[in-house]
Every structure is written in C-alpha cells, then in structure tokens.
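First the structure, in the form of structure tokens, and then the observations on it.
Numbering (my numbering), first residue to last: 72 to 356.
Below is the structure:
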C-alpha cells in the first residue's frame with residue numbers, strides 16, 4: 072500500500088494522479104486533514120483517511136499498513152514545520168511503515184538564509200535517525216513561484232529583486248510525476264535525491280529570456296535589500312512575509328539553488344519543463 076499525505080494540494084495530488092497510471096487504485100490511500108476536500112479520490116476508488124500532522128493521535132491509524140508513505144512538507148511559513156514533520160515520522164515508525172518519502176527541497180541546509188531550507192535539513196536528520204528506509208525528494212524551486220518572485224515584468228518592463236543568483240526552476244508538475252515514478256519503482260533512490268530542471272538561470276538570465284519572448288527590453292534591477300523589504304511592506308505585504316521571501320533571494324545569491332541533476336529527465340523520459348516554458352505563457356495560467 073502506498074499512502075500519500077497532502078494529496079488535496081497540487082504537488083502530491085499530481086503524484087496520486089500519476090500513480091493511478093501505474094498501479095491500481097486499491098493500492099493507494101490518501102490522508103487529508105479535511106476528508107471532504109478529497110472527494111475526487113473517493114470517486115476514483117482510492118481510500119481516504121483522516122490525519123493531521125498537528126494532531127499526532129490521528130496519524131498512526133492514517134499511516135497503518137503503508138509499505139511506502141509520501142509525506143508532504145508543511146507549507147505554512149509561520150508553523151513549527153519541523154515539529155509537525157517529527158510527529159508524522161514518529162507515527163510512521165510506530166506503525167512500521169516500510170519506507171518514508173519526504174518532499175524536501177534542493178536547498179536543504181542548516182546554513183541557508185531561506186527558512187524552509189533549514190526546516191528540510193532538520194527533517195532529513197530526523198528521517199536519518201528514524202531507523203526507517205527513507206528518501207528525501209530534494210525538488211528544485213517550484214517554477215510557478217516565478218509569477219510572484221519575478222514580479223509584474225510584463226507590465227513594468229523590469230524584474231526587481233533584492234539579490235540575484237542561479238535557481239534551478241523546476242515545474243511542480245514534473246516533480247509530482249517523478250515522485251510517482253519513484254514510488255511505483257518500490258525501491259532504490261535511498262537518502263537525498265535531487266529533482267531539478269536542466270538549467271539554473273539567474274534573474275538577469277530570466278530578464279534576457281523575457282526580452283526574447285516579449286520582443287521588448289526587460290531589465291533586471293537589483294535593489295538594496297532593506298529598501299526592497301520596505302517596498303513590499305508599503306505594497307501591503309506583512310513584514311514577516313517580506314523577510315521570509317528575502318531569504319529566498321539571499322539563498323539564491325549564496326548558490327543554494329544552483330545545482331542541476333539529470334535524474335528528473337531520466338525519470339520522466341523527456342526533457343523537464345524549463346523556466347523559459349513558464350515565462351512564455353500568460354501570467355497566472
């Protein structure tokens with residue numbers, strides 16, 4: 072049995088869709104905090120179980136019988152993500168899960184200025200100490216985030232950032248499919264595995280790509296970091312969120328998202344989607 076958490080979200084929901092192309096629905100169960108949001112899985116013959124990382128008592132029954140368990144990482148920037156992940160891992164150990172797969176991040180490091188990267192590194196350490204076979208899917212930075220992180224360049228003609236560096240922008244859809252391939256394989260891919268697109272362009276590179284796509288000059292402007300934070304706050308963003316996002320740009324400048332790996336293309340059997348693919352489409356689509 073493969074049990075998938077977070078399947079009501081886009082990433083692991085996509086993984087379940089791809090799993091259904093490879094194994095029978097009877098071999099899959101999904102775990103949701105609100106089971107009413109998982110009706111589409113019931114309609115496809117998949118068992119739906121209730122479980123919440125913030126309620127440890129709900130997790131053993133949710134994970135029971137899992138040969139493989141796909142744990143989604145917390146996406147709440149204000150949550151104690153590591154504690155939530157620890158709850159899930161401890162429950163998995165308690166019920167004897169055969170293998171844990173965790174949606175980590177390429178920039179997982181205790182030294183990164185990007186908060187989620189530190190959380191991922193701490194979670195991987197918990198997995199390593201759990202005694203259960205584990206895989207950390209170190210996905211590249213999800214490319215759909217470019218709509219936010221590159222800003223409204225189509226309207227302004229500029230990409231304004233507080234720091235610049237290479238990022239292996241990776242399509243979430245590709246990462247979801249790769250997870251399904253690894254789960255369906257049933258073994259291998261132990262420890263951290265890097266799942267990225269084939270290139271890691273900087274924001275200046277993205278401006279050059281946007282110039283080619285749009286047929287007009289798009290410039291990249293690197294702003295003073297505190298001035299950038301002030302501008303975000305003035306535009307309505309809470310300061311904690313502005314500083315959370317600043318950490319991403321700082322991590323990019325520090326090279327935490329620079330590496331690329333051919334594994335994703337191998338798993339997909341095709342070239343992964345690129346940052347250019349994302350820029351060359353209407354915003355928000």
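Every residue, glycine too, gets a C-beta built ideally from N, C-alpha and C.
On the three-state DSSP scale, how would you describe residue i?
| i | result |
| --- | --- |
| residue 266 | strand |
| residue 149 | coil |
| residue 342 | coil |
| residue 229 | strand |
| residue 79 | coil |
| residue 183 | coil |
| residue 154 | helix |
| residue 234 | coil |
| residue 322 | helix |
| residue 203 | coil |
| residue 188 | helix |
| residue 348 | helix |
| residue 164 | helix |
| residue 159 | helix |
| residue 221 | coil |
Identify, in the order they occur along the chain, each residue of the same chain with its Cβ nearer than 7 Å to the Cβ of residue i, setting aside the five sequence neighbours on each side.
| i | result |
| --- | --- |
| residue 320 | 232, 233 and 234 |
| residue 165 | 131 |
| residue 282 | 288 and 289 |
| residue 72 | 98, 100, 136, 137 and 138 |
| residue 190 | 152 and 153 |
| residue 188 | 176, 178, 179, 180, 322 and 327 |
| residue 356 | Model confidence at residue 356 stands at a pLDDT of 49, short of 50, so the residue's coordinates are unreliable; what they give is reported in the following sentence. Closer than 7 Å at the Cβ level, and outside the excluded window around residue 356, lies no residue. |
| residue 339 | 245, 248 and 249 |
| residue 160 | 171, 197, 198 and 201 |
For residue i, does the count of other Cβ atoms within 10 angstroms reach 16, so buried, or fall short, so exposed?
| i | result |
| --- | --- |
| residue 288 | exposed |
| residue 92 | exposed |
| residue 248 | buried |
| residue 200 | exposed |
| residue 227 | exposed |
| residue 263 | buried |
| residue 341 | exposed |
| residue 246 | buried |
| residue 297 | exposed |
| residue 311 | exposed |
| residue 184 | buried |
| residue 196 | exposed |
| residue 259 | exposed |
| residue 333 | exposed |
| residue 208 | buried |
Who pairs with residue i in a beta bridge, going by DSSP?
| i | result |
| --- | --- |
| residue 139 | 73 and 170 |
| residue 175 | 209 |
| residue 337 | None; residue 337 has no bridge partner. |
| residue 241 | 213 |
Given 8 Å as the limit, tell me if residue i has its C-beta closer than that to any heavy atom belonging to the ligand FAD.
| i | result |
| --- | --- |
| residue 116 | For the structure depicted, the ligand FAD is absent and the ligand set is empty, with no information on it obtainable. |
Ignore the nearest five residues each way along the sequence and tell me which others in residue i's own chain have a CB closer than 6 Å to its CB.
| i | result |
| --- | --- |
| residue 313 | 300, 303 and 304 |
| residue 75 | 83, 87, 101 and 141 |
| residue 349 | 214 and 217 |
Is the Cβ of residue i closer than 9 Å to any Cβ of chain B?
| i | result |
| --- | --- |
| residue 150 | You won't find chain B in this structure, because it holds only one protein chain. |
Would you list, in sequence order, the uninterrupted alpha helix (DSSP H) runs of no fewer than 4 residues that lie entirely inside the region 246 to 317? Secondary structure within the region 246 to 317: the alpha helix (DSSP H) runs of 4 or more consecutive residues, fully enclosed, are 274 to 285 and 296 to 305 (chain order).
Please give the ranges of any alpha helix (DSSP H) in the region 83 to 145, keeping only runs that are unbroken, at least 4 residues long and fully inside the region. Runs found: 110 to 114 and 130 to 134.
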